[in-house]
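If you count by our numbering, then the sequence shown holds residues 14 to 348, one letter each, in order.
Where a beta carbon is used, it is the ideal one built from N, C-alpha and C, also for glycine.
In this text the structure is predicted, and so the values were computed from the model without any measurement.
Each remark here refers to the structure printed beneath this line.
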Amino acid sequence: MDTGDNRRRRARSVRAKRTGTQDASAKRENANVLRSLSVGNTDDNDAMEDDAGFIKNWSLERKVMAPRYSLLREVGRGSYGVVYEAIARRSGASVAVKKLRCDAPENVELALAEFWALASLEKRHENVVQLEECVLQRNGMAQKMSHGNKRSKQYLRLVETSLKGERVLSHPEEPCYLWFVMEFCEGGDLNQFILSRRPDPLTNNSFMLQLTSAVAFLHENNIVHRDLKPDNILISEKSGTPVLKVADFGLSKVCAGLGGAGKDDEGEDKNKNVVNVNKFWLSSACGSDFYMAPEVWEGHYTAKADIFALGIIIWAMPSHFTPTYSLLSILLPSH
Numbered sequence: 014m015d016t017g018d019n020r021r022r023r024a025r026s027v028r029a030k031r032t033g034t035q036d037a038s039a040k041r042e043n044a045n046v047l048r049s050l051s052v053g054n055t056d057d058n059d060a061m062e063d064d065a066g067f068i069k070n071w072s073l074e075r076k077v078m079a080p081r082y083s084l085l086r087e088v089g090r091g092s093y094g095v096v097y098e099a100i101a102r103r104s105g106a107s108v109a110v111k112k113l114r115c116d117a118p119e120n121v122e123l124a125l126a127e128f129w130a131l132a133s134l135e136k137r138h139e140n141v142v143q144l145e146e147c148v149l150q151r152n153g154m155a156q157k158m159s160h161g162n163k164r165s166k167q168y169l170r171l172v173e174t175s176l177k178g179e180r181v182l183s184h185p186e187e188p189c190y191l192w193f194v195m196e197f198c199e200g201g202d203l204n205q206f207i208l209s210r211r212p213d214p215l216t217n218n219s220f221m222l223q224l225t226s227a228v229a230f231l232h233e234n235n236i237v238h239r240d241l242k243p244d245n246i247l248i249s250e251k252s253g254t255p256v257l258k259v260a261d262f263g264l265s266k267v268c269a270g271l272g273g274a275g276k277d278d279e280g281e282d283k284n285k286n287v288v289n290v291n292k293f294w295l296s297s298a299c300g301s302d303f304y305m306a307p308e309v310w311e312g313h314y315t316a317k318a319d320i321f322a323l324g325i326i327i328w329a330m331p332s333h334f335t336p337t338y339s340l341l342s343i344l345l346p347s348h
């Protein structure tokens, strides 16, 4: 996701001012939340507003249960979140743990967009990063998130924050975080892969098939990614051959509900929510400059904008071409 040079400089400036004491405190806080992921009372049915009961139960469970995940190292940092490599204690599997700070409406909007997109997928796809679980942390408490849970006041407050564009969940001194536990991709991103290896026609052909399959799957599930680029495509090498994983759904748009046959809990036909994403018009001009279709700049586009970005990626792979900001200023002077 393209956040701009100014935001990156501010993020680096803030990190430079952090003290060792703050880092140690953050590590303790992270460990506590990771322990809380294993407790049984993190259901959405549990009211986090019942502070006394929740804290008592959570603290008791934390003392007697081993952490479900162990953080190993930081693997990435952005303007509103940090990504860690972690180990699932029970299975020993590597996972990625993304900690997103929801201290501003724009951060909440990005976090919810990613959660809604990944949580709406009823089936898995080999080339789309898999979300294992999402946990909301606030004021020392943790609650597992589920898609569209209208009984969770915290979930509804997050949605309200995003829609109203103002803080409604907590005060600045009470930070709120969303923790995403996802599959870990040890091979870095596609941009790094392209630059570190010589062009290989067989690999490029495989990547083309994997990416087109992933985008087709997302569109079949009513999801428009809106920020496809090599930096947002991760690589898993567990099988010995590189497998691409489309990731970073912070700018994505779910054009309809989950779809499927039958009726929902309120007796409404779910098929009413199934749409043709190529006829579902979007207006928010978002994405990364070099990969944005002309109609995105105009603010009137459909899922076909993803196909444009996909074409740019496939075109650039054989020549090891990766755009830079200096190049973009030449190619896109009017923007």
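Sort Thr254, Gly201, Glu233 and Phe197 by Cα distance to Asn217 and report the nearest one. The residue with the shortest Cα to Cα distance from Asn217 is Thr254.
In its own chain, which residues sit with a C-beta less than 7 Å from the C-beta of Leu203, not counting the 5 before and 5 after it? Excluding sequence neighbours, Leu203 sits near Pro243, Ile246, Ile248 and Leu257.
Quick check on Leu208: buried or exposed, where buried means 16 or more other Cβ atoms within 10 Å of its Cβ? Exposed.
The alpha helix (DSSP H) enclosing Arg210, as first and last residue numbers: Counting along the chain, no alpha helix (DSSP H) covers Arg210, and no H or E run does either.
Three or more C-beta pairs under 8 Å: does that hold for the region 98–107 against the region 151–161? In short, these stretches do not touch, since the Cβ pair count stays below three.
Assess contact between the region 164–180 and the region 212–227, defined as three or more Cβ pairs (one per stretch) separated by less than 8 Å. Is contact present? Because the criterion of three Cβ pairs below 8 Å is not met, the region 164–180 and the region 212–227 do not touch.
In this structure, does DSSP put Leu323 in helix, strand or coil? It is helical.
Where Gly273 falls: helix, strand or coil (DSSP): Caution applies to Gly273, whose pLDDT of 43 falls short of 50 and renders its modelled position unreliable; the value that the coordinates give is listed next. Residue state for Gly273 is assigned as coil, using DSSP reduced to three classes.
Segment limits, alpha helix (DSSP H) that includes Glu127: Where Glu127 is concerned, the enclosing alpha helix (DSSP H) stretches over Pro118 to Ala132.
Cβ-Cβ separation, Gly312 to Ala298 (assumed contact under 8 Å), whole Å: Indeed they touch by this definition, with Cβ atoms about 5 Å apart.
Would you please state the rounded distance, in angstroms, between the beta carbons of Cys268 and Asn235? I believe it to be under 8 Å. Taking the Cβ atoms as the reference, Cys268 lies roughly 4 Å from Asn235, within the contact range of under 8 Å.
Relative to the C-alpha of Gly153, which residue among Val142, Leu191, Gln143 and Leu125 is closest? For Gly153, the closest alpha carbon among the candidates Val142, Leu191, Gln143 and Leu125 is that of Leu191.
DSSP three-state call for Met221: helix, strand or coil? Met221 falls in the helix class under three-state DSSP.
Where the beta strand (DSSP E) through Leu169 begins and ends: Element bounds for Leu169: not the beta strand (DSSP E) but the alpha helix (DSSP H), Lys166 to Lys177.
Figure out for me which residue from Val108, Lys251 and Ala132 has the closest Cα to the Cα of Gly263. When the alpha-carbon of Gly263 is set against those of Val108, Lys251 and Ala132, the nearest one is in Ala132.
In this structure, how does DSSP classify Phe334 when only helix, strand and coil are distinguished? Here Phe334 sits in coil by DSSP.
Inter-residue spacing [alpha-carbon to alpha-carbon] between Asn291 and Glu122: Using only the alpha carbons, I get a separation of about 24 Å.
Rounded to the nearest angstrom, how far is the Cβ of Glu146 from that of Val96, given a contact under 8 Å? Rounded to the nearest angstrom, the Cβ distance from Glu146 to Val96 is 16 Å, too far for a contact under 8 Å.
Taking 9 Å as the threshold (C-beta atoms), are Val309 and Phe230 in contact? Remark: C-beta atoms of Phe230 and Val309 do not approach each other more closely than 9 Å.
State buried or exposed for Asp240, treating a residue as buried only when at least 16 other CB atoms are found within 10 Å of its CB. That one is buried.
Let me check one thing: in DSSP terms, what residues is Val108 bridge-paired to? Beta-bridge annotation (DSSP): Val108 is paired with Ala99 and Glu196.
Delimiting residues of the beta strand (DSSP E) encompassing Val142: First-last for Val142: undefined, no H or E at that position.
Drop a sphere of 10 angstroms on the beta-carbon of Lys112, count the other beta-carbons inside from all chains shown, and report buried for 16 or more, exposed for fewer. Classification for Lys112: buried.
Alpha carbon to alpha carbon, how far is Glu199 from Tyr93? Computed Cα separation, rounded: 22 Å.
Less than 9 Å between the beta carbons of Val110 and Glu127, yes or no? Not a contact, by the Cβ cut-off of 9 Å.
Drop a sphere of 10 angstroms on the beta-carbon of Phe334, count the other beta-carbons inside from all chains shown, and report buried for 16 or more, exposed for fewer. Exposed, since its Cβ has fewer than 16 Cβ neighbours within 10 Å.
Going by other Cβ atoms of all chains shown within 10 Å of its Cβ, with 16 needed for buried, is Gly300 buried or exposed? Label assigned to Gly300: buried.
Which of the three DSSP states is assigned to Glu311 in this structure? DSSP places Glu311 in helix when its eight states are reduced to three.
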